[in-house]
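Numbering (this note's numbering), first residue to last: 142 to 343.
The next block holds one structure in the form of structure tokens; read it before the comments.
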């Protein structure tokens with residue numbers, strides 16, 4: 142805790158971005174978050190920009206994933222708020238579970254450029270949260286990979302409740318809780334539609 146306070150004090154007059162600043166508020170799990178950023182998912186699946194590993198983006202993405210997978214109602218647009226909550230209420234199990242989930246997801250996803258583009262700083266936490274819901278269906282993990290292939294091959298144009306993925310993606314406030322949960326709800330509904338009808342018909 143003292144180290145985080147010193148880092149915040151030292152950087153108070155420098156240009157720390159929001160993600161880097163937020164990371165200093167989750168010191169109880171800083172080690173776990175850093176370990177997860179070393180998961181093969183971030184090498185083999187995640188589409189990483191040149192600066193994601195330097196500017197705190199990966200740490201933010203991991204924190205968002207934990208919140209959306211374990212405490213979806215606590216997800217916040219403001220990273221600092223979400224990290225403060227996680228620091229006080231999260232458990233080691235939450236991070237271990239995410240690490241295992243990412244390992245399973247990495248195995249299930251085919252190494253296709255089109256699929257990898259889904260897992261970026263804008264949407265990776267959304268697709269990981271959707272995979273978490275998928276794992277509770279009892280289906281083989283490989284089926285999720287097939288769903289993603291169908292999704293990038295045109296399935297994303299399919300509408301649920303009158304909206305397609307492209308329409309949902311036009312909102313500028315991509316980190317708003319309503320937008321994030323809206324995308325997850327869309328993907329979960331689309332996934333159910335795929336497995337109940339589309340997959341069988343293919």
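Glycine is no exception: its CB is placed at the ideal position from the N, C-alpha and C atoms.
About 5 angstroms separates the beta carbon of residue 235 from that of residue 211, a gap short enough to meet the 8 angstroms contact definition. For residue 198, the enclosing alpha helix (DSSP H) covers residues 198-211.
Along the length of the stretch 272-338, whole beta strand (DSSP E) runs at least 3 residues long do not occur.
Close CB contacts of residue 174 within its chain, under the 6 angstroms cut and outside five residues either way in sequence, are with 200, 203 (chain order). With respect to the 8 angstroms criterion, residue 239 and residue 177 are classified as neighbours on the basis of their beta carbons.
In this structure, residue 304 lies away from residue 335, with their beta-carbon atoms at least 8 angstroms apart. In this model, residue 285 and residue 167 are separated by some 31 angstroms (Cα to Cα). Collapsing the DSSP output to three states places residue 166 in coil. By the CB criterion at 8 angstroms, residue 228 and residue 170 fall inside the cutoff. Counting C-beta pairs closer than 8 angstroms gives three or more between the stretch 269-276 and the stretch 241-257, which meets the contact rule. In this model, residue 319 and residue 325 are separated by some 10 angstroms (Cα to Cα). Distance from the Cα of residue 248 is smallest, within the candidate group 281, 306, 237, for 281. Selection 207, 251, 220 evaluated against residue 231 yields 207 as nearest (Cα-Cα). Non-local C-beta neighbours of residue 329 in its own chain, meaning closer than 7 angstroms and more than five positions away in sequence, comprise 271, 274, ordered along the chain.
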